[in-house]
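Only one structure is covered here, and it is reproduced in the block below.
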């Protein structure tokens, strides 16, 4: 996975993002993790739906279009659920309540700046 930091409205909001690069990484997602800190996220490229079967914690799911604009947000998605967006090209998974904590809203343009 490729590391990046998340910028919204021109500001680094303090969220470290892991960007999936392979189908295998995308399929594994957050399975096997015990938690996700509010300052961490996972970007699933070319993904318009996710499930939380087998996960141990709730997450916020943000669906992004091709321009990386937020088209839908599902807050606090519990275990054993599936969510999707027909307009989504990518999906950002964050800890439950993190989207509100960081002030993310539908229509925001997200920028992922690569880190080393």
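Numbering (my numbering), first residue to last: -12 to 103. By construction, the Cβ of each residue, glycine as well, lies at the ideal position given by its N, Cα and C atoms. Keep in mind it's a predicted model, so treat the numbers as computed, not measured.
- At a cut-off of 3 residues, the continuous stretches assigned as beta strand (DSSP E) that sit fully inside the stretch 11 to 85 are 27 to 31, 36 to 38, 46 to 51, 57 to 64, 69 to 71, 77 to 82.
- Spatial neighbours of residue 86 in its own chain (CB-CB distance under 7 angstroms, excluding positions within 5 residues in sequence) are listed in chain order as 47, 49, 60, 62.
- Your pair residue 90 and residue 56 does not check out as a contact, with CB atoms roughly 15 angstroms apart and the cut at 8 angstroms.
- Ranking -10, 1, 82, -7 by CA distance to the CA of residue 21 puts 82 first.
- In this structure, residue 97 sits away from residue 75, with a CB-CB distance that is not shorter than 8 angstroms.
- Beta-carbon to beta-carbon, residue 17 and residue 23 are separated by about 6 angstroms, close enough to satisfy the 8 angstroms threshold.
- Per the DSSP secondary-structure output, residue 95 pairs with nothing in a beta bridge.
- Distances from the alpha-carbon of residue 40 to those of 8, 102, 26, 68 put 68 closest.
- Inclusion of residue 77 and residue 33 in the CB contact set at 8 angstroms is warranted, their separation being smaller than that value.
- Pairing residue 70 with residue -1, the inter-Cα distance amounts to about 27 angstroms.
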